[in-house]
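Novice: In my numbering, the protein residues as written are 759 to 877.
All C-beta atoms in this analysis are idealised placements derived from N, C-alpha and C, irrespective of residue type, glycine included.
For clarity, every value in this text was computed on a predicted model and none was experimentally measured.
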Amino acid sequence: MNKRKVGKAYEERAEEYLKKQDFIILEKNFRVRQGEIDLIGYHKGALVFVEVKYRKDKKKGMPEESVTVAKQRQISKVAQFYLMCHPLAENMCCRYDVVAICGEEITWYKNAFMHQWKN
759 MNKRKVGKAY EERAEEYLKK QDFIILEKNF RVRQGEIDLI GYHKGALVFV EVKYRKDKKK
819 GMPEESVTVA KQRQISKVAQ FYLMCHPLAE NMCCRYDVVA ICGEEITWYK NAFMHQWKN
């Protein structure tokens with residue numbers, strides 16, 4: 759299986775996990791020129807931008823460690839664009855989550871990072 763198919767399979771797994779936690783999926787793979795957000799949804803009154811990361815084991819580090827400040831800035835830019843395109847969402851509370859999948863273990867980090875403004 760190539761990387762893209764593996765990534766898609768684990769994003770689907772993360773999606774199913776989140777749905778079981780009363781998470782409502784609004785968008786999958788929201789892409790613009792600045793980048794992509796894996797999942798966008800609604801959970802407990804907040805609009806949530808989700809980054810899904812997978813590693814088959816811990817040899818190269820934990821999956822959540824790969825959501826660097828640079829990646830956070832990219833996700834933040836794409837989220838700003840999403841909010842611009844969806845005016846009703848502009849007044850909602852927003853958060854950034856990470857779903858980390860390591861082997862068979864899924865960990866959901868709510869409020870994993872704050873919006874990153876470019877310096």
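If I follow the unbroken alpha helix (DSSP H) through Arg831, where does it start and stop?
Specialist: It spans 827-843 - the alpha helix (DSSP H) in which Arg831 sits, taken as one unbroken run.
Novice: Thinking C-beta only, is Asp815 closer than 7 Å to Gly765?
Specialist: No; because the gap between Cβ atoms is not below 7 Å, this pair is not in contact.
Novice: For Ile798, which residues of its own chain have a beta-carbon under 6 Å away from its beta-carbon, when the five flanking residues on both sides are left out?
Specialist: Hits under 6 Å: Leu784, Glu785, Phe788, Phe807.
Novice: Give the C-beta separation of Val856 and Val836 to the nearest angstrom, bearing in mind that I take them to be a contact with Cβ-Cβ under 8 Å.
Specialist: 15 Å between Cβ atoms; not a contact.
Novice: Since I believe Val810 is in contact with Ala772 (beta carbons under 8 Å), could you give me their beta-carbon distance rounded to a whole number of angstroms?
Specialist: At roughly 4 Å, the Cβ-Cβ gap stays under 8 Å, so Ala772 and Val810 are in contact.
Novice: Taking C-alpha atoms, which residue in Tyr840, Lys818, Ile795, Phe871 lies nearest to Val827?
Specialist: Among Tyr840, Lys818, Ile795, Phe871, the Cα nearest to that of Val827 is on Phe871.
Novice: Assuming the contact rule is C-beta atoms closer than 8 Å, Tyr775 and Ile833 should be a hit. Round their C-beta distance to whole Å, please.
Specialist: About 19 Å; that fails the 8 Å criterion.
Novice: With distances taken from CA atoms, which of Pro821, Glu823, His801 is nearest Cys851?
Specialist: Measuring from the Cα of Cys851, the nearest candidate turns out to be His801.
Novice: If you compare alpha carbons, which of Arg853, Tyr840, His844, Arg831 is closest to Trp875?
Specialist: Trp875 has its Cα closest to that of Arg831, out of Arg853, Tyr840, His844, Arg831.
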